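Q: Per my numbering, the sequence shown starts with residue 218, numbered consecutively. The C-beta atom is built at its ideal place from N, Cα and C for all residues, glycine as well. From a predicted model like this one, the values you see are computed outputs, not experimental measurements. Structure below; questions to follow.
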Amino acid sequence: MDEQKRDQLRRLPSVEELMRAAGGAGLLVAYPRSAVVAACRDVVAEMRTRILTEDAAGHEAGPLDLMTLVDERVRERRQTHLKRLINAGGVIVNTNLGRSALAPEAVAAATEAATHYSNLEYRLETGERGSRHEHVESLLVELTGAEAAMVVNNNAAAVLLMLTVLAAGQEVVVSRGQLVEIGGSFRIPDILRLSGARLVEVGTTNKTRLSDYADAITTETALLLRVHTSNFKVVGFAEEVPIDELARLGEARRIPVADDVGSGALANIAAVAEEPSVTASVRCGADVVTFSGDKLLGGPQAGLIVGRRIWVEAMKRHPLARAVRVDKMTLAALEATLLLYREPERAISTVPTLRLLSRDEQDSREMAERLAEAICRRLRENGALDTVEVGTQKADALPGGGALPLWSIASWEVTLKAVGGAAHLETALRLAPVPVVSRVTRDRVHLVMAALEPEELELLADSVAWAVAHVAGDEG
218 MDEQKRDQLR RLPSVEELMR AAGGAGLLVA YPRSAVVAAC RDVVAEMRTR ILTEDAAGHE
278 AGPLDLMTLV DERVRERRQT HLKRLINAGG VIVNTNLGRS ALAPEAVAAA TEAATHYSNL
338 EYRLETGERG SRHEHVESLL VELTGAEAAM VVNNNAAAVL LMLTVLAAGQ EVVVSRGQLV
398 EIGGSFRIPD ILRLSGARLV EVGTTNKTRL SDYADAITTE TALLLRVHTS NFKVVGFAEE
458 VPIDELARLG EARRIPVADD VGSGALANIA AVAEEPSVTA SVRCGADVVT FSGDKLLGGP
518 QAGLIVGRRI WVEAMKRHPL ARAVRVDKMT LAALEATLLL YREPERAIST VPTLRLLSRD
578 EQDSREMAER LAEAICRRLR ENGALDTVEV GTQKADALPG GGALPLWSIA SWEVTLKAVG
638 GAAHLETALR LAPVPVVSRV TRDRVHLVMA ALEPEELELL ADSVAWAVAH VAGDEG
């Protein structure tokens, strides 16, 4: 270690000295003492590491600089880790960004449930204990045509519960082409194994016929399972068995048929026309249908199960049902979302996911032009207009949510070509006070309108201006 580094380490204040300075700066009045102590320790450790591992020149920090760092660390510690961001990446139901935003009615219902006591498991009519399944069952039955329904905490849990109840210790027949990975390295065979059921693969990757299922049925067969391959598509020389044919086979052989339709489309809009309909699956004779609540349905995260009463009631009684049950906020938000589906046109205009999927291309173009103007205005005010080339153009967006892999949505975008390069600007946008997720291609950052609401445009322009200034500061 050279003498300059030793000298800087000697002059580095201790935590106790920083605490005294923090008291003088008023930080101990503004924040809890424990938070200030932790921040002082972080700052001292950070400065010591920088002195030891980097060039010592330029790492001399004065008392004011250290107090600024302590204040920043305290603020960071008091912020929630889960934060709002702006989705300008062109994927509407982005699974990494929280999937569907909720309708105002769903937000209000969840807030009401969260802030007050409720009749979650209490029957007001009799004063007796009730079941949380009662709150949305009648709505799901009404909307899907099923005999009974229940809700668990996500669709993987719905599939696991269904397999455990219907097929534990017995065989489940599945097409080889439907043994999908649903994300996060979770695969249908893994869920089958966890349930205690035994997987029987039939057909090939690209072709499975009804005879393949029929030939695989034995005295050990407990279930015929169809899994919608929502996140990929086999095209060309391919064949799969429609759910109505599989249901007829199951009925003839007295074996229940389950249909995991995945994203859960209930609305009749063009963007989801290629997705399997929950109501159609029920109508075609599937004994159990499972689907997600927070994808194309546009509600909270949940796994919805509808089907024959005998099977749904058996699932409600199983001990696993308690382990995967939903809380009161989820039920409240889901009920409010499903109520909107009683009036399809209202659902399309009110549920954010449906509204975004149905947005007219001209509306996206007008939004892109408004955003470009707002960005240019801020850059001009900051004297940075000559550092960024701002443009608008057509863009293709994706529905997301592991659905409709071949479907794209016509949209518009704002393009940014910055002096500091696209990679630096994209990083700065992610680190902005209100983070922005964008696309990058070659030398440009793309801000796609598909998942944006009009009221977000000014806030997005603020984040762009901040990011441009941040990149300029780094370059300087």
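1) Pull up the distance between the alpha-carbon of histidine 421 and that of alanine 612, whole angstroms please.
2) Which value, in whole angstroms, describes the spacing of the CA atoms of alanine 639 and glutamate 289?
3) Take leucine 286 as the anchor and find which of Glu263, Arg301 and Ala305 has the nearest alpha-carbon.
4) Could you give the distance in angstroms between the alpha-carbon of alanine 464 and the alpha-carbon of asparagine 371?
5) Nearest to alanine 327 by CA position, among Gln518, Ala252 and Ala469, is which residue?
6) Considering only the alpha carbon of each residue, which of Gly394, Ala564 and Gln610 lies closest to glutamate 583?
7) Let me check one thing: in DSSP terms, what residues is lysine 611 bridge-paired to?
8) Around the Cβ of isoleucine 527, are there at least 16 other Cβ atoms within 10 angstroms (buried) or fewer (exposed)?
9) Kindly give me the distance between the Cβ atoms of alanine 689 and threonine 604, rounded to whole angstroms, as I take these residues to be in contact under 8 Å.
10) CA-CA distance, glycine 637 and alanine 667?
11) Mark proline 493 as exposed unless 16 or more other C-beta atoms lie within 10 angstroms of its C-beta, in which case mark it buried.
12) Can you name the start and end residues of the alpha helix (DSSP H) that threonine 270 belongs to?
13) Could you pull the start and end residues of the alpha helix (DSSP H) that leucine 475 belongs to?
14) What are the residues that DSSP puts in a beta bridge with leucine 440?
15) Is proline 230 helix, strand or coil by DSSP?
16) Compare the beta carbon distance of arginine 393 and valine 419 with 8 Å and say whether it is the shorter of the two.
17) In three-state DSSP terms, what is arginine 415?
18) Enumerate, from N- to C-terminal direction, the unbroken alpha helix (DSSP H) stretches of 4 or more residues contained entirely within the segment 555-593.
19) For methionine 379, report the span of its beta strand (DSSP E) as first-last.
A: Result, derived from the coordinates:
1) Reading the sequence shown from its first residue, position 204 is the one you call residue 421. Reading the sequence shown from its first residue, position 395 is the one you call residue 612. Looking at the sequence itself, residue 421 is threonine, so the reference to histidine does not match. Using only the alpha carbons, I get a separation of about 36 Å.
2) Counted from its first residue, the sequence shown places residue 639 at position 422. Counted from its first residue, the sequence shown places residue 289 at position 72. Going by the C-alpha atoms only, they are around 28 Å apart.
3) Residue numbering aside, residue 286 sits at position 69 when the sequence shown is read from its first letter. Residue Glu263 is the option with its Cα nearest to leucine 286.
4) Against the sequence shown, residue 464 aligns to sequence position 247. Against the sequence shown, residue 371 aligns to sequence position 154. So the two alpha carbons sit approximately 25 Å from each other.
5) Position 110 of the sequence shown, counted from the first residue, corresponds to residue 327. Taking only the C-alpha atoms, the option nearest alanine 327 is Gln518.
6) Residue mapping note: residue 583 aligns to position 366 of the sequence shown, counting from 1. For the residues Gly394, Ala564 and Gln610, the minimum Cα distance to glutamate 583 belongs to Gln610.
7) As a working mapping, residue 611 is identified with position 394 in the sequence shown. Looking at the DSSP assignment, lysine 611 forms a beta bridge with Trp629.
8) Position 310 of the sequence shown holds residue 527. Its Cβ having fewer than 16 others within 10 Å, isoleucine 527 is exposed.
9) Position 472 of the sequence shown, counting from 1, holds the residue named residue 689. Position 387 of the sequence shown, counting from 1, holds the residue named residue 604. Contact flag correct, Cβ pair sits at about 7 Å.
10) Taking the first residue of the sequence shown as position 1, residue 637 is located at position 420. Taking the first residue of the sequence shown as position 1, residue 667 is located at position 450. The straight-line gap from Cα to Cα measures roughly 26 Å.
11) Numbered from its first residue, the sequence shown carries residue 493 at position 276. Buried, because 16 or more other Cβ atoms sit within 10 Å of the Cβ of proline 493.
12) For the purposes of this step, residue 270 is taken as residue 53 along the sequence shown, with counting starting at 1. Its alpha helix (DSSP H) spans residues 250-270.
13) In the sequence shown, residue 475 corresponds to position 258, counting from 1. First, the amino acid is wrong: residue 475 is alanine here, not leucine. Segment 474-479 is the beta strand (DSSP E) holding alanine 475; no alpha helix (DSSP H) there.
14) The count along the sequence shown starts at 1 and reaches residue 440 at position 223. Paired residues: Val389.
15) Stepping through the sequence shown from its first residue, residue 230 is reached at position 13. Three-state DSSP puts proline 230 in coil, outside helix and strand.
16) The residue given as residue 393 occupies position 176 in the sequence shown. The residue given as residue 419 occupies position 202 in the sequence shown. Yes, they are a contact pair.
17) For the purposes of this step, residue 415 is taken as the residue at position 198 of the sequence shown. Strand.
18) 561-567 and 569-574
19) The sequence position of residue 379 within the sequence shown is 162, counting from 1. Not the beta strand (DSSP E): methionine 379 falls in the alpha helix (DSSP H), residues 372-384.
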